[in-house]
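Line order of the protein sequences matches chains A and B.
In case it helps, our numbering puts the first sequence at residues 1 to 365.
In case it helps, our numbering puts the second sequence at residues 366 to 730.
Where a beta carbon is used, it is the ideal one built from N, C-alpha and C, also for glycine.
As the structure is a prediction and not an experimental result, all values here were calculated from the model.
Okay, structure first, notes after.
Protein chains: 2
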Amino acid sequence: MATGPLLLPNGYDGTVTDATESATVPASTKRGRGEKSSATIYDIAKLAGVNPSTVSRALSKPGRVSAKTQKIIEDAAEQLNYQVNPFARALPTGRTQTIGLIVADITNPTFFDIIRGAETTAAARDYTLVLAESAESPETEITAARRMMGTVDGLILASPRMDDELIRELASGKPVAVINREVDGVPCVVPDVNKGISEAVRSLAANGHKNVAYVAGPPQSWMSVRRWEGVQAACEWSKLKAVRLESSKPTVDGGRQVARDVMDSGATAVITYNDLLAIGLMQELQAGGMRVPDQISIVGFDDIFGADFTTPPLTTVRSPLGECGSRAALLLLDLLLGQAGPEGTVRVETELVLRGSSGRLLVAN
Amino acid sequence: MATGPLLLPNGYDGTVTDATESATVPASTKRGRGEKSSATIYDIAKLAGVNPSTVSRALSKPGRVSAKTQKIIEDAAEQLNYQVNPFARALPTGRTQTIGLIVADITNPTFFDIIRGAETTAAARDYTLVLAESAESPETEITAARRMMGTVDGLILASPRMDDELIRELASGKPVAVINREVDGVPCVVPDVNKGISEAVRSLAANGHKNVAYVAGPPQSWMSVRRWEGVQAACEWSKLKAVRLESSKPTVDGGRQVARDVMDSGATAVITYNDLLAIGLMQELQAGGMRVPDQISIVGFDDIFGADFTTPPLTTVRSPLGECGSRAALLLLDLLLGQAGPEGTVRVETELVLRGSSGRLLVAN
DNA sequence: CAATTTTTGGCAACCGGTTGACAAAATCTT
DNA sequence: AAGATTTTGTCAACCGGTTGCCAAAAATTG
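Here it is as structure tokens:
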């Protein structure tokens, strides 16, 4: 009847609280497969000759204990190579130093910049980023969100597909920030599409285009609607005809599939919901013998990684995605630190990035 | 002197343990800003008329309680919309249902696929992925790793930059899996470069090339060394001359910068450490008037997103990055469930993806 | 139907920090 | 120097689950 913790690593057996042991080494050797587990505040307290609560205060409430005691405790902590146990801390306080990010689709490079932006600013403030994806499904999204809410201090939803109402419900529990969508009562970071779109449409009009097609994104996408509205408005202003086409999915493949419809529409310029659609569309049109931009101009959205690898390089309305991620993280962190920033929506600028895929129409239509 | 928890949301005030209250609603209304916080096993126990420990067993130890009690408890849990508190569970057990992933650079699309692969398989097994980056710095990496070790059940290091010794030290604490590098005694997932490289070199030789340049990656990169060795061996076998060039950083920009050296080297075919370098290099060479592949062939590594957007599309040695992420996650999860899989290194195949950037040499050199 | 074995549920300790209340010690007043 | 005030450290309860141990209940056996 050995009492060793080999078979049941999580048992509470063995560790008698015996005051006779030496105090220079952390008492605990219990967790896991017998490795040195990290020291606790109790170990520090014993070594420093103070009460554990004093240790706790010294380590987290600056100024609450005298400089002298502070020093003794810090030295002891250092000597024992102490690291707080995040769970033990999270249990009473609820704080976890963690923020969650849910993206619609990890496959989509649009989100990589957002992830990067959020991760970088979170890390800079000593927060850890937890990532999940919804696979474009509102149900998966809400499940992931609910699961995360338990473990994070705040949540960022990038291009959420769930209902406004659900988002508000989540936001009533813990701080939530939304990217690429505007939800009443919830802090949002939204690229203001108007500037970029009007630049794009004006450029198309100046190059002699009369008929513009907009290739839409997923129906649940708030941003797709906004972009379509923007395109309509700008086209009206520039006296162009605008028609809306649907896509099956907002990917390169979806772009290829919509090429037929684009041809049939008679448009000489196409603005797509995102760059992936634009790239797929361009590939398919070129494969069919069309010359871009001589016969048809293509404009994407977002300026994702790789948008300038194509031939011709893609003209696109750039959204500062990395900035969106970063701003959303900041919004959240401010909320968490109690210094509520400007309540409403943060708008970031979009701009036209004029490259080779749009230009003057050389062939009369 | 109101005792309301408004100003000090984390206080323990107020909640007297009064047995007279109605039992149909979770007693707790304390956490946060006064919203309904989730029910605890104590609430369930009260509602079901059993002991909290019985609830705990019913919910996590299948078969430990009778079917009847099980049902009563499950119903009560459902009614109260119970969710386990992950911290409370993690505190005594150490289990967190979380795995960490540290990548060298979130900016680098190579890691996108790895992240996706890991996230997807983790999520499928009900684990959450926690992400951090090391910004290509060994110091940042070890800091991030140490921080993470406290909060995750296992860790994946993708292209780690730290010493073998440090990796083994980490691995002695909790399960660790490594991607893109082989470390003795630690489970690794490594693309086997030989097949892809020999295909690539054979193809170059068949197209009349005699001099090959390899553009190396970061000096700490284990994989860069492996690739250079592979290129050397394959070139020797095919009787080609191989020379190694250094790059400043493994990015598109780094590729542009190395163009000069490539020209000077007299090589007619270039194999680069990764696709980013290849793309940058190709852009710069083309900007300087070189024709690809007529005057120079370019072969990258990894087949990242966008590698086929270029003109000509990039020939590259594909590593199944998504599979690497997924396999590493599986390795870890198996380890966590105690069913240690095959101890050693998992090798995944690489293959040449022949596209337009490599081909027959048209101009005598 | 009694004796024995197996199930099942309850008790209480425990994980490792945090914090309100309070008393002891130190500092400041007058 | 005695009293008032402030600083500092201790006590104990608490967050919400988990689990070893034990006794009561149920099932099995003779």
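For a contact defined as C-beta to C-beta under 8 Å, what are the partners of residue i on chain A?
i	result
B:N576	Per Cβ cutoff of 8 Å: no residues; B:N576 is ~27 Å from chain A at best.
Could you name the residues of chain A that residue i contacts, counting a contact when the two beta carbons are closer than 7 Å?
i	result
B:T741	Lying outside 366 to 730, the shown extent of chain B, residue 741 of chain B is not represented and no answer is given.
Which chain B residues are close to residue i, counting only those with a beta carbon under 7 Å from its beta carbon?
i	result
A:Q369	Coverage of chain A is limited to positions 1 through 365, which leaves residue 369 of chain A absent and any answer about it impossible.
A:I115	I471
Looking at the unbroken beta strand (DSSP E) that takes in residue i, where does it start and where does it end?
i	result
A:F301	297-302
B:R609	606-610
B:L496	493-498
B:P556	553-557
A:R181	Premise fails: A:R181 is in no beta strand (DSSP E) and is neither H nor E.
B:T637	634-637
B:G595	Premise fails: B:G595 lies in the alpha helix (DSSP H), 587-602, not in any beta strand (DSSP E).
A:I99	98-103
For a quick check, are the C-beta atoms of residue i and residue j less than 8 Å apart?
i	j	result
A:V190	A:G230	no
B:Y447	B:A404	yes
A:T245	A:V215	For clarity, residue 245 of chain A is Leu in the given sequence; the question names Thr instead. A contact, by the Cβ cut-off of 8 Å.
B:D518	B:R460	yes
A:L352	A:E236	no
B:N416	B:A410	yes
B:L727	B:D629	no
A:F111	A:A171	no
A:M148	A:I106	no
A:I271	A:I179	no
B:L719	B:S568	yes
B:S722	B:V657	yes
A:T316	A:D303	yes
Kindly list, in the order they appear in chain B, the residues whose Cβ is closer than 8 Å to that of residue i.
i	result
A:A90	F452
Have a look at residue i and residue j and give me their C-alpha separation to the nearest angstrom.
i	j	result
A:V348	B:P583	35 Å
B:E649	B:G620	8 Å
B:L494	A:A132	7 Å
A:D275	A:G117	19 Å
B:V617	A:F305	11 Å
B:G465	A:A104	21 Å
B:S425	B:G550	33 Å
A:L367	B:P427	This structure cannot settle anything about residue 367 of chain A, because the visible part of chain A is limited to 1 through 365.
B:G654	A:D261	38 Å
A:P250	A:Q257	11 Å
B:V541	B:V548	11 Å
A:G34	B:T715	Here the model assigns A:G34 a pLDDT of 33, short of 50, so the residue's position is not dependable and the matter cannot be decided.
A:G359	A:E323	29 Å
B:E501	B:A509	12 Å
A:E139	A:M162	8 Å
B:F666	A:A267	39 Å
A:L336	A:T98	11 Å
B:A489	B:V711	21 Å
B:P678	B:I661	14 Å
B:A453	A:R327	32 Å
A:Q79	A:I41	12 Å
B:S387	A:L332	Residue placement at B:S387 is poorly supported in this model, since its pLDDT is 36, which falls under 50; the coordinates still yield a value, given next. Straight-line Cα distance between these residues: approximately 37 Å.
A:P109	A:A307	10 Å
A:A366	A:D126	With chain A running from 1 to 365 in the structure shown, residue 366 of chain A is simply not present.
Which residue marks the beginning of the alpha helix (DSSP H) containing residue i, and which one marks its end?
i	result
A:L361	A:L361 -> no alpha helix (DSSP H), and no H or E assigned at all.
A:A39	Segment: none, A:A39 is in no alpha helix (DSSP H) and carries neither H nor E.
A:T110	110-124
A:K335	Note on identity: in this sequence residue 335 of chain A is Leu, with Lys being the wrong assignment. Residues 321-336.
B:T710	Unbroken run through B:T710 is the beta strand (DSSP E), 710-714; no alpha helix (DSSP H).
B:A523	Not the alpha helix (DSSP H): B:A523 falls in the beta strand (DSSP E), residues 519-523.
A:T143	138-149
A:R260	259-265
B:V580	Here B:V580 belongs to no alpha helix (DSSP H); instead the beta strand (DSSP E) covers 576-580.
A:R318	First-last for A:R318: 315-318, but that is the beta strand (DSSP E), not the alpha helix (DSSP H).
For the stretch 482-497 of chain B, which residues have a CB atom closer than 8 Å to at least one CB atom of chain A, in sequence order? E484, T485, A488, T493, L494, V495, L496, A497
Residues within the stretch 294-312 of chain A neighbouring chain B, beta-carbon criterion of under 7 Å: F305, G306, F309, T310, T311
Determine which residues of the stretch 100-113 of chain A have a Cβ less than 8 Å from any Cβ of chain B, and write them out in chain order. I106, T107, P109, F112
To be precise: take each residue of the stretch 268-279 of chain A, compare its Cβ to all Cβ atoms of chain B, and keep it if any distance is under 8 Å. Which residues remain? I279
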